[in-house]
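A quick write-up on the structure given underneath.
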Amino acid sequence: MHRFKDLEIWKQSRLFCKDIYEITSFFPEAEKFGLTSQLRRASISIPSNIAEGASRKSNKDFTRFLEITIGSCYEIETQLLIANDLGFLNEENLNSLLLKLEVIIKMTSKFKSTLK
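For the sequence shown, counting from 1, position 69 maps to 138 in our numbering; every step adds exactly one.
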C-alpha cells in the first residue's frame, strides 16, 4: 500500500480539481447538468482513483486505478475542448488547464511505470 497523501500526483490532481470547479462556476446556468457536471465529476475521479488505487495491496491493482485516472484525464481534455468550442472557455484558460492536465498525465504515466 502507498500513502496517497504523500503522492505528488494526488496533490496536483486536487489542485486541478479546484481549478475545474472555479472555471466551471462561470459556465452558463444551462450547463449545470451538462458540461459543468461532467467536468467536475471527471476531475474528482482523478484524485479519488489515485487514493483508491493506493489502498490496494498489489501494484497490479494500483496500476489499474492509475489507468482509470489517465482515462479521466483524457475525458476532461475532450470536455475542455468542447467547452472552448462552445465559447465557455477562452484560449488562455483552456491552455492553462490543458498544460496542468498534461503534467498530471505525464506524472501518472511515469509513476505507473515504476509499479511494474
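Note that beta-carbon positions come from the ideal geometry of N, C-alpha and C, so glycine has one too.
Here Glu146 is not near Leu163, since their CB atoms are 7 Å or more apart.
A residue is called buried when at least 16 other Cβ atoms come within 10 angstroms of its Cβ; Gly122 meets this threshold and is buried.
Under the DSSP assignment, Ser182 falls in the alpha helix (DSSP H) whose first and last residues are 160-183. Annotation: Tyr143 to Ala111 spans about 10 Å, alpha carbon to alpha carbon.
In the three-state scheme derived from DSSP, where H, G and I count as helix and E and B as strand, Pro97 is classed as coil.
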